[in-house]
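Have a look at the structure below, then the notes.
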Ligand code: HEC
Ligand code: HEC
Ligand code: HEC
Ligand code: HEC
Ligand code: HEC
Ligand code: HEC
Ligand code: HEC
Ligand code: HEC
Ligand code: HEC
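In the numbering used here, the protein residues as written are 2 to 446.
Here's what the structure looks like:
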């Protein structure tokens with residue numbers, strides 16, 4: 002008989018009862034997904050005899066406290082309960098361990114060393130993980146980016162098939178502000194109310210293929226995977242919805258209180274991919290600073306010079322700018338609201354001086370994919386450089402390229418003028434018709 006183990010969860014108040022109820026339901030439904038309660042073998046029990054003690058800890062060489070207690074109960078209930086301690090801890094000296102003080106350089110160093118053991122049993126996951134933004138940051142020396150054990154506790158890990166209560170999602174610890182925003186937005190609330198249908202962090206960002214959020218279109222594509230008919234439904238009121246989906250990130254309209262800006266991304270003209278800096282060769286910041294004169298932000302001439310230099314230094318590459326409207330912070334990207342509050346008014350973007358176009362940044366993807374930005378003067382958007390290198394990123398009405406406004410007039414005219422044309426035609430021909438009718442009624446035949 003398999004048992005249910007909800008005991009590992011923290012005590013809950015009334016407010017969180019909803020989360021617990023949702024979790025309980027899924028736990029009941031998925032009780033087969035729980036690890037079987039096993040009798041641990043003698044070697045494990047021997048380790049635990051010393052280590053299942055509250056407050057057991059040691060000092061690292063750096064002076065940090067390294068907690069050493071491992072709960073027998075939690076381990077017996079974990080997915081690793083058939084794995085022996087020594088499968089992962091294979092470098093302990095049985096003769097001296099626990100009797101002679103050992104040395105651990107730092108918590109991070111210990112953690113990195115221990116995470117190197119996962120590969121022997123989870124090869125595929127490790128291979129995928131190596132391409133993530135977190136893994137690239139770790140390779141670059143980051144002390145803070147997430148490693149396996151930052152998201153999974155090897156001694157207590159439960160089946161991923163269970164519903165994770167949102168306040169226990171591993172990402173929350175490090176991305177606290179984003180988590181707070183998410184938990185109050187349309188998906189966070191829906192997740193608590195109705196469970197797994199609504200996305201948790203990893204459903205939009207993935208768990209082991211996490212890349213920088215603004216790199217490529219992967220996040221947008223996951224939105225569309227769940228909201229399958231969204232392309233069609235926007236088409237009903239938004240002209241060329243596909244172009245809007247390319248040039249406007251979803252949160253720009255769906256986080257109604259967010260601040261917006263134009264992001265000019267450096268892309269390769271040939272494959273359309275964002276230009277990524279090579280690790281160890283910081284190029285963008287140096288060049289952009291060199292190009293920028295006194296005032297903060299590149300003006301038209303400076304931008305032109307920068308692009309020219311950049312092309313020269315990256316021989317053969319054809320660099321162009323790809324414009325996109327986006328929200329100004331990661332927190333704002335997680336303040337999605339119900340559809341009735343979404344931006345529908347064309348004038349938010351399509352009018353002279355529209356606020357989203359008052360802030361402009363130029364971006365290159367850093368070696369780990371995260372954006373490196375530099376500010377640009379907003380006037381650049383209406384300039385000739387823009388026309389040349391942005392392949393016509395403009396939002397009609399909002400820039401100085403006046404002739405483009407006529408395009409909007411024409412498009413709107415296409416919609417609005419049809420009924421007007423009917424009315425005008427009716428009026429023009431009314432007199433003629435009346436005369437005809439009068440003539441007909443007089444006609445004796
Ligand atoms: C006799 C008690 C005892 C037993 C049995 C024992 N440990 Fe320990 N363990 C300790 C003590 C005490 C420390 C802290 C050593 C120090 O202060 O330097 C420790 C430290 C550790 C550490 C962290 C530092 C390091 O040396 O890497 C790990 C990991 C560890 N033990 C795992 C195990 C495992 C796995 C087993 C079973 C194979 C085990 N222990 C058996 C007492 C014990
Ligand atoms: C699936 C692999 C795995 C198994 C099995 C495992 N451990 Fe660990 N253990 C780890 C990892 C990974 C860490 C480092 C966690 C971190 O990043 O700080 C660790 C850390 C520890 C520590 C240091 C303190 C801590 O909790 O971070 C102790 C003590 C320890 N393990 C004891 C044990 C004992 C005793 C057993 C068997 C009952 C065991 N481990 C089974 C992977 C494992
Ligand atoms: C940033 C957090 C994070 C990191 C880092 C991470 N994982 Fe995961 N992992 C998750 C989440 C979330 C899930 C739940 C499943 C899902 O939503 O895809 C998961 C699921 C799993 C699973 C079960 C499902 C599967 O894909 O096989 C395994 C095994 C696993 N992780 C191992 C690892 C190992 C090994 C590493 C290090 C190489 C690692 N994880 C690094 C978050 C993380
Ligand atoms: C000696 C082999 C072994 C090692 C080493 C190992 N694991 Fe596992 N792991 C397992 C087994 C066996 C399971 C249960 C898998 C199953 O039934 O799918 C498991 C399950 C998991 C799960 C839950 C998967 C699920 O489907 O819910 C996660 C997460 C996980 N391991 C993470 C890690 C991490 C992180 C490390 C490295 C610190 C690690 N494992 C090292 C053998 C291992
Ligand atoms: C141990 C801490 C830690 C955990 C846990 C963690 N992250 Fe991160 N993550 C970081 C750090 C540090 C950065 C780099 C700083 C930043 O950009 O916010 C980062 C960066 C990122 C980025 C790239 C940011 C960008 O500019 O696009 C994404 C996306 C991300 N994390 C998603 C997640 C998700 C999703 C989870 C959970 C599945 C998670 N992280 C768990 C520490 C963590
Ligand atoms: C130009 C602003 C704008 C952009 C860009 C935009 N939306 Fe919308 N969206 C709206 C508005 C306004 C509504 C409400 C329409 C209505 O009145 O029914 C809406 C409705 C929705 C709905 C509710 C159901 C439906 O299909 O009508 C979903 C889901 C949705 N959008 C998802 C997305 C996704 C995913 C993206 C990015 C790929 C996106 N939206 C981009 C403005 C926008
Ligand atoms: C509904 C899908 C969705 C969910 C759920 C989601 N995110 Fe995001 N996330 C996004 C989008 C969209 C962006 C902005 C991408 C862009 O710039 O186009 C983003 C951006 C980010 C960034 C980069 C922030 C920055 O500074 O630029 C981080 C980090 C991040 N998310 C972490 C998380 C974490 C942690 C969670 C869970 C608490 C989470 N996300 C949940 C869609 C999601
Ligand atoms: C895992 C599936 C999933 C993903 C991925 C996802 N959503 Fe949702 N979304 C939902 C569910 C479920 C709801 C709540 C039920 C509903 O209204 O459809 C919802 C609701 C919404 C709503 C409110 C709709 C309304 O009727 O008021 C908007 C807007 C929305 N999502 C936009 C997005 C955007 C933008 C993204 C990507 C950044 C995204 N969603 C990613 C599942 C998802
Ligand atoms: C959140 C800002 C925003 C909103 C709201 C918005 N647009 Fe746009 N629109 C843009 C951007 C950005 C472009 C892309 C310009 C480009 O192609 O470079 C665009 C492009 C267009 C185009 C040219 C499409 C093409 O085929 O190239 C038309 C027409 C248009 N919008 C009409 C509208 C109408 C009508 C509305 C209201 C129903 C609207 N837009 C709402 C930002 C917006």
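Where is the CB? At the ideal position from N, CA and C, for every residue including glycine. Keep in mind the model is a prediction, meaning the values are calculated, not measured.
At a threshold of 6 Å, does residue 52 count as lining ligand 2 (C-beta to nearest heavy atom)? For the purposes of this step, residue 52 is identified with residue 51 of the chain shown, where counting begins at 1. Answer for residue 52: yes, Cβ within range of ligand 2.
Does the beta carbon of residue 338 sit closer than 7 Å to a beta carbon anywhere in chain C? Absent from the structure: chain C. Only one protein chain is present.
Given that a residue counts as buried once 16 or more other Cβ atoms are within 10 Å of its Cβ, and exposed if not, what is residue 226? By one-based count along the chain shown, residue 226 stands at place 225. Classification of residue 226: exposed, given that the 10 Å Cβ count is below 16.
Reference residue 116, options 131, 103 and 230, closest by Cα: The residue you call residue 116 lines up with position 115 of the chain shown. Of the candidates 131, 103 and 230, the one whose C-alpha sits nearest the C-alpha of residue 116 is 131.
Neighbourhood of residue 363 by C-beta, 6 Å cutoff - its chain only, sequence neighbours within 5 removed: The residue given as residue 363 occupies position 362 in the chain shown. Around residue 363: 265, 375 and 377.
Which complete beta strand (DSSP E) runs does the region 58-132 hold, if anything under 3 residues is left out? 58-60 and 66-68
Is residue 171 near ligand 7, going by C-beta to nearest heavy atom under 6 Å? Residue numbering aside, residue 171 sits at position 170 when the chain shown is read from its first letter. No, since every heavy atom of ligand 7 falls outside the 6 Å radius drawn around the Cβ of residue 171.
Would you identify the three-state DSSP class for residue 343, choosing helix, strand or coil? Residue mapping note: residue 343 aligns to position 342 of the chain shown, counting from 1. Correct three-state label for residue 343: coil.
Which term fits residue 90, buried or exposed, when burial requires 16 or more other beta carbons within 10 angstroms of its beta carbon? Locating residue 90 in the chain shown gives position 89, counting from the first residue. Answer is exposed; the Cβ neighbour count stays below 16.
Under 6 Å from any heavy atom of ligand 5, does the C-beta of residue 203 make it? Position 202 of the chain shown holds residue 203. Yes, the beta carbon of residue 203 sits closer than 6 Å to at least one heavy atom of ligand 5.
Beta carbon of residue 285 nearer than 7 Å to that of residue 373: Residue mapping note: residue 285 aligns to position 284 of the chain shown, counting from 1. Residue mapping note: residue 373 aligns to position 372 of the chain shown, counting from 1. Yes, they are a contact pair.
Specify, as a first and last residue, the run of the alpha helix (DSSP H) that residue 366 falls within. Looking up residue 366 in the chain shown gives position 365. Residue 366 -> not in any alpha helix (DSSP H); beta strand (DSSP E) instead, spanning 361-366.
C-alpha distance - residue 204 paired with residue 192, whole-angstrom precision: For the purposes of this step, residue 204 is taken as the residue at position 203 of the chain shown. For the purposes of this step, residue 192 is taken as the residue at position 191 of the chain shown. Cα to Cα, residue 204 sits roughly 12 Å from residue 192.
Give the list of continuous alpha helix (DSSP H) stretches no shorter than 4 residues that lie fully inside the region 186-221. 187-195 and 202-206
Could you tell me the distance, in whole angstroms, from the CA atom of residue 422 to the CA atom of residue 347? As a first step, residue 422 is located in the chain shown; it is residue number 421 there, counting from the start. As a first step, residue 347 is located in the chain shown; it is residue number 346 there, counting from the start. Because residue 422 sits at a pLDDT of 39, beneath the cut-off of 50, its placement in the model cannot be relied upon, and the following sentence gives the value as read from the coordinates. Between residue 422 and residue 347, the C-alpha separation is close to 23 Å.
Cβ shell of residue 63 (< 6 Å), same chain only, five flanking positions each side left out: Reading the chain shown from its first residue, position 62 is the one you call residue 63. So the qualifying residues of the chain are 107.
Under 7 Å between the Cβ atoms of residue 49 and residue 186? In the chain shown, residue 49 corresponds to position 48, counting from 1. In the chain shown, residue 186 corresponds to position 185, counting from 1. Their beta carbons are not under 7 Å apart, which means residue 49 does not touch residue 186 by this criterion.
Cα-Cα separation between residue 190 and residue 210, rounded to whole angstroms: Here residue 190 corresponds to residue number 189 of the chain shown, with the count starting at 1. Here residue 210 corresponds to residue number 209 of the chain shown, with the count starting at 1. Approximately 25 Å between the Cα atoms of the pair.
Is it the case that the CB of residue 131 approaches a heavy atom of ligand 4 more closely than 6 Å? As a first step, residue 131 must be located in the chain shown, where it is residue number 130. Answer for residue 131: no, Cβ out of range of ligand 4.
Using the C-alpha atoms, what's the distance from residue 218 back to residue 323? Position 322 of the chain shown holds residue 323. Position 217 of the chain shown holds residue 218. So the alpha carbons of these two residues sit roughly 13 Å apart.
Got a sec? Which residues, its chain only, sit under 7 Å from residue 112 by beta carbon, not counting five neighbours each side? For the purposes of this step, residue 112 is identified with residue 111 of the chain shown, where counting begins at 1. Excluding residues within five positions, the ones whose Cβ falls inside 7 Å are 148 and 150.
Quick one: what's residue 277 bridged to in DSSP? Within the chain shown, numbered from 1, the residue matching residue 277 stands at position 276. According to DSSP, residue 277 bridges with 366.
Quick one: Cα of residue 239 to Cα of residue 350, how far? One-based indexing of the chain shown puts residue 239 at position 238. One-based indexing of the chain shown puts residue 350 at position 349. Spanning the two alpha carbons is a distance of roughly 13 Å.
Give the C-beta separation of residue 327 and residue 253 to the nearest angstrom, bearing in mind that I take them to be a contact with Cβ-Cβ under 8 Å. For the purposes of this step, residue 327 is taken as the residue at position 326 of the chain shown. For the purposes of this step, residue 253 is taken as the residue at position 252 of the chain shown. Yes, residue 327 and residue 253 are in contact; Cβ-Cβ is about 6 Å, under 8 Å.
Take residue 155 and list the residues in its own chain whose beta-carbon comes closer than 7 Å to its own, dropping the five residues that flank it on each side. The sequence position of residue 155 within the chain shown is 154, counting from 1. So the qualifying residues of the chain are 81 and 89.
By Cβ distance, which residues of its chain are closer than 7 Å to residue 237, with the 5 residues on each side in sequence left out? Taking the first residue of the chain shown as position 1, residue 237 is located at position 236. Once the five neighbours on either side are set aside, residue 237 has no close Cβ partner at all.
Beta-carbon separation (whole angstroms), residue 158 vs residue 79, contact threshold 8 Å: Sequence index remark: in the chain shown, residue 158 carries index 157 (1-based). Sequence index remark: in the chain shown, residue 79 carries index 78 (1-based). Contact holds; Cβ gap of about 5 Å.
Buried/exposed call for residue 228, threshold 16 Cβ in 10 Å: Here residue 228 corresponds to residue number 227 of the chain shown, with the count starting at 1. With fewer than 16 other Cβ atoms within 10 Å, it is exposed.
For residue 321, the residue or residues it bridges with in DSSP: Counting from one through the chain shown, the residue named residue 321 turns up at place 320. DSSP lists 268 as partners of residue 321.
Measure the alpha-carbon distance for residue 66 versus residue 329 and round it to whole angstroms. Along the chain shown, one-based indexing puts residue 66 at 65. Along the chain shown, one-based indexing puts residue 329 at 328. Cα-Cα distance, rounded: 38 Å.
Candidates 333, 122 and 358: which alpha carbon is nearest residue 183's? Working through the chain shown from its first residue, we reach residue 183 at position 182. The option with the nearest alpha carbon to residue 183 is 333.
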